[in-house]
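In our numbering, the protein residues as written are 1337 to 1515.
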């Protein structure tokens, strides 16, 4: 225990100083990996006088600063002003599984069934997981159809905006470029 800190400052709500130190080190580690990746990007200035490596370096520096601040805070007494965490004491694994299935399904199926349908599937599975995490019923087949339609209503205009207006190639289901 450090002499310059009161016992109240040593009490760390919501976690140990070791865990907080590890979080700061993890943020610095991710910043290091990003720096390694950004170093491999070309730095030739293009549009607006910046190259393709500009934004990755901005994110790297910001993450490194955050990691250093987290580490400093953890090593000088812990997160003293942090509120005690709310919510459940344990993770909701079934809800996590539904959301993870949505994200992984989207990644696995986007090139075969297209952006719109894979994003609609992701939305439907994630919403089911989020409902379960709130203690609400997941819903039956009718709710699953509603969620899928809502996902399509959100994903289709996004797809059209990117492909038709911004000329960004996203995987489609048909060669027409509309689905």
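Cβ atoms here follow ideal geometry from the backbone N, Cα and C, with glycine treated the same way.
DSSP three-state assignment for residue i, whether helix, strand or coil
i, result
"residue 1380", "coil"
"residue 1500", "helix"
"residue 1470", "coil"
"residue 1454", "helix"
"residue 1411", "helix"
"residue 1359", "helix"
"residue 1508", "coil"
"residue 1386", "coil"
"residue 1424", "coil"
"residue 1464", "helix"
"residue 1353", "helix"
"residue 1347", "Because the pLDDT at residue 1347 is just 48, under 50, the model does not fix this residue reliably, and the value given afterwards should be weighed accordingly. Coil at residue 1347, not helix or strand."
"residue 1418", "coil"
Span of the alpha helix (DSSP H) around residue i
i, result
"residue 1488", "1477 to 1496"
"residue 1435", "1429 to 1449"
"residue 1474", "Run containing residue 1474: none; DSSP gives neither H nor E here."
Counted within 10 angstroms of its Cβ, other Cβ atoms place residue i as buried (16 or more) or exposed
i, result
"residue 1488", "buried"
"residue 1481", "exposed"
"residue 1410", "buried"
"residue 1461", "buried"
"residue 1471", "exposed"
"residue 1360", "buried"
"residue 1483", "buried"
"residue 1426", "exposed"
Determine contact between the segment 1393 to 1403 and the segment 1428 to 1436, defined as no fewer than three beta-carbon pairs at a distance below 8 Å. They do not touch, by the three-pair rule.
The segment 1433 to 1447 touching the segment 1399 to 1413, judged by at least three CB pairs closer than 8 Å: Cβ pair count under 8 Å is below three, so no.
Inter-stretch contact at 8 Å, needing at least 3 Cβ pairs: the segment 1488 to 1502 / the segment 1434 to 1454: With a cut-off of 8 Å, the segment 1434 to 1454 and the segment 1488 to 1502 count as touching, because enough Cβ pairs lie within range.
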